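Since the structure comes first, as structure tokens, the remarks are kept for the end.
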Amino acid sequence: MGAPNLSDFNFDLAAMRRYEIELKNGTTIRTDGSADDHARAMEMMAHIDRIGMIDPEDRPTRSVAALRAKSEPIASAVDKWLANCSGKNGERTVDAKAYHIKDFLALSFPRIESVERWLAEHEKVEFNRKRALRELEENKAAGRHVSTDIEVNAIGKQTLVEYKNALLAIPQTPKTIDNKLNSLHDFFKYMIGHGLHTALETNPVEGMFIQTKKSRKKTTNPYQPFTAEALSILFEPEAYLAAMDAPDLFWGPLLGIHTGMRIGEATQIRCVDVHKAPGSGLHYIHVYKSKTPGGIRNVPISDALIELGFLDYIEECRAAGADRLFPHRALINHSYSKELSARMLAYQRAQRIKAPQTSFHSFRVNVITQMHNNDSNTAKVMKIVGHDDGGGHSVHWGYVRDLPDLKHIVDKLRWPIDVQALRYNGRFASFLADRNNWEAKKTDDKATARNTNNKKSTFVD
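Quick note: the sequence shown uses full-length UniProt numbering, first residue 1, plus one each step.
The structure is reproduced here in structure tokens:
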């Protein structure tokens with residue numbers, strides 16, 4: 001005989017008052033003895049008879065109260081997230097994330113007053129900011145906003161799906177879309193982890209990427225090293241000295257090929273970053289800022305750089321009172337490398353050695369490749385070029401006791417470069433001594449000129 005159904009029981013209401021029904025899953029249904037309560041109990045039992053009992057483990061873990069709880073306004077959540085990003089990411093990465101979140105807000109919530117205000121106030125150009133604020137007030141006066149604010153609990157998977165579809169319709173490349181989704185993944189991770197979004201337990205961006213990390217690597221063309229022939233042409237003394245006619249243009253590539261520094265690291269060097277280690281007497285450059293934590297490091301100055309006169313140039317900078325090795329360059333997008341990058345590209349093309357995926361970063365690939373070909377210790381190579389230790393841990397930059405070992409590795413690098421023909425002969429000394437060439441002086445002069453013009457304009461009828 002099978003298990004009995006509800007219809008097998010005959011309830012005599014006249015003979016019954018209060019009763020309890022204990023279910024297999026531990027749930028108890030209690031009645032108060034009234035006919036109405038009995039009817040409700042029978043209705044519940046009928047539903048259970050039809051669809052089965054709910055296992056306690058299948059119940060939602062997040063309460064209705066939590067889902068309905070007041071959450072963080074979107075603008076406030078974005079500000080907190082970006083502040084958190086500033087503590088863990090480099091300036092360029094923070095800028096990229098800010099750009100991505102602005103794109104998401106503008107496309108997803110075009111008629112939310114608080115969102116439009118946040119976007120307007122975060123315009124970098126003053127003219128654009130004022131114009132956006134005027135448009136905000138016009139929209140507000142005309143009643144074009146559908147809401148004054150939106151909380152993060154209102155943003156879920158569907159919002160992200162619609163945003164991704166909008167990007168695909170533009171269309172944008174899979175790489176661009178995935179980059180934006182990656183920033184949003186970090187945004188939702190922060191909100192969920194910090195209790196700002198109380199309606200989600202898992203990141204809604206999961207599963208939305210177009211490419212996996214593995215497939216993305218396969219479709220991304222990595223930087224290629226310069227061939228020996230290309231290096232020989234690039235550093236041919238007559239052509240190099242003629243084309244690379246400024247301090248950063250001359251020293252930048254030489255630093256790149258002898259240290260493996262990134263272009264931003266090489267062009268940011270300050271005079272105080274060049275040290276002489278106590279005890280060993282070895283000279284080194286302290287990379288004080290980099291794109292990754294592992295990039296903060298001490299890089300030994302090789303014998304080749306010393307023979308090229310690099311330390312002599314450092315002394316000229318100090319004698320001139322310059323704070324940086326290349327005081328004539330402006331900080332643009334968090335880097336002093338804009339001019340070097342452009343001139344390097346032009347020089348490669350002029351010398352007919354521009355190949356796909358070759359740029360200043362190729363020097364770094366050359367250095368790492370040759371160090372490994374020389375059977376250099378992998379951990380020490382990572383210390384020199386600024387990679388982590390393979391376990392996600394950055395190498396501690398404060399230690400200088402292993403400088404002799406590191407210098408031995410960089411001194412083993414061999415390049416087709418005529419060091420004597422390129423040796424620095426003080427050609428930039430007078431340029432450095434004239435502070436009118438310094439970016440700080442040029443900036444001050446521009447500010448003074450603007451103030452003078454503003455004062456003159458106040459007397460115009």
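Ideal Cβ placement from N, Cα and C applies to all residues, glycine included.
Keep in mind the model is a prediction, meaning the values are calculated, not measured.
{"Query": "Where R18 falls: helix, strand or coil (DSSP)", "Result": "coil"}
{"Query": "T173 versus N165 - alpha carbon distance", "Result": "12 Å"}
{"Query": "Check whether I409 and S376 have beta carbons under 8 Å apart", "Result": "yes"}
{"Query": "Where N179 falls: helix, strand or coil (DSSP)", "Result": "helix"}
{"Query": "Extent of the continuous alpha helix (DSSP H) run through residue 462", "Result": "Since the first and last residues shown for the chain are 1 and 461, residue 462 lies out of range."}
{"Query": "Continuous alpha helix (DSSP H) stretch holding R92: start and end", "Result": "E91 to S108"}
{"Query": "4 or more residues per run - each alpha helix (DSSP H) lying fully within the stretch 304-350", "Result": "310-320 and 338-350"}
{"Query": "The stretch 136-156 touching the stretch 69-86, judged by at least three CB pairs closer than 8 Å", "Result": "yes"}
{"Query": "Integer Cβ distance of P204 from G260, believed to fall under 8 Å", "Result": "No, P204 and G260 are not in contact; Cβ-Cβ is about 40 Å, not under 8 Å."}
{"Query": "L82 beta carbon less than 8 Å from that of A97", "Result": "According to the sequence displayed, residue 97 carries Lys and not Ala. Yes, the pair counts as a contact, with Cβ atoms nearer than the cut-off."}
{"Query": "Collapsed DSSP secondary structure at R40 in the structure displayed", "Result": "helix"}
{"Query": "R117 - containing alpha helix (DSSP H), residue span", "Result": "E113 to E121"}
{"Query": "Those residues which DSSP pairs with K130 across a bridge", "Result": "The partner list for K130 (beta bridge, DSSP) is empty, contrary to what the question assumes."}
{"Query": "8 Å CB neighbourhood of Y223 in its chain, flanking five on each side removed", "Result": "Q357, T358, S359, H361, S362, R364 and V365"}
{"Query": "L432 to G264 span [Cα, whole Å]", "Result": "21 Å"}
{"Query": "Counted within 10 angstroms of its Cβ, other Cβ atoms place R324 as buried (16 or more) or exposed", "Result": "buried"}
{"Query": "Cβ-Cβ distance between L107 and Y163 below 8 Å", "Result": "yes"}
{"Query": "Nearest-angstrom Cβ-Cβ length linking L403 and Y284, presumed shorter than 8 Å", "Result": "6 Å"}
{"Query": "Pairwise C-alpha distance: Q348 and A243", "Result": "11 Å"}
{"Query": "Short Cβ contact (8 Å threshold) for H328 with E439", "Result": "yes"}
{"Query": "C-beta atoms of K338 and G90 nearer than 8 Å", "Result": "no"}
{"Query": "Burial state of T369, where buried means 16 or more other Cβ atoms lie within 10 Å", "Result": "exposed"}
{"Query": "Per DSSP, cross-strand counterpart(s) of H300", "Result": "Residue 300 is actually Pro in this sequence, not His. Answer by DSSP bridge pairing, in chain order: Y284."}
{"Query": "Buried or exposed (CB count within 10 angstroms, at least 16 for buried), Y99", "Result": "exposed"}
{"Query": "H361, enclosing alpha helix (DSSP H) - first and last residue", "Result": "H361 to N373"}
{"Query": "Beta-carbon proximity check, L308 vs V419, cutoff 8 Å", "Result": "yes"}
{"Query": "Which listed residue (A421, S430, R435 and T31) has its alpha carbon closest to that of E236", "Result": "A421"}
{"Query": "Residue range of the unbroken beta strand (DSSP E) whose run includes H275", "Result": "V274 to K276"}
{"Query": "Buried versus exposed, by CB contacts within 10 Å (16 or more), F188", "Result": "buried"}
{"Query": "Rounded Cβ spacing between R111 and V161 (contact assumed at less than 8 Å)", "Result": "That pair is no contact at about 20 Å."}
{"Query": "Straight-line gap, L234 to Q351 (C-alpha atoms, nearest Å)", "Result": "7 Å"}
{"Query": "Bridge partner(s) assigned by DSSP for P73", "Result": "E151"}
{"Query": "Buried versus exposed call for I257 [16 or more other C-beta atoms within 10 Å across all chains shown]", "Result": "buried"}
{"Query": "R30 - DSSP class collapsed to helix/strand/coil", "Result": "strand"}
{"Query": "Contact under 8 Å by Cβ, L340 with L196", "Result": "no"}
{"Query": "Assigned secondary structure, R270 (DSSP; H/G/I helix, E/B strand, else coil)", "Result": "strand"}
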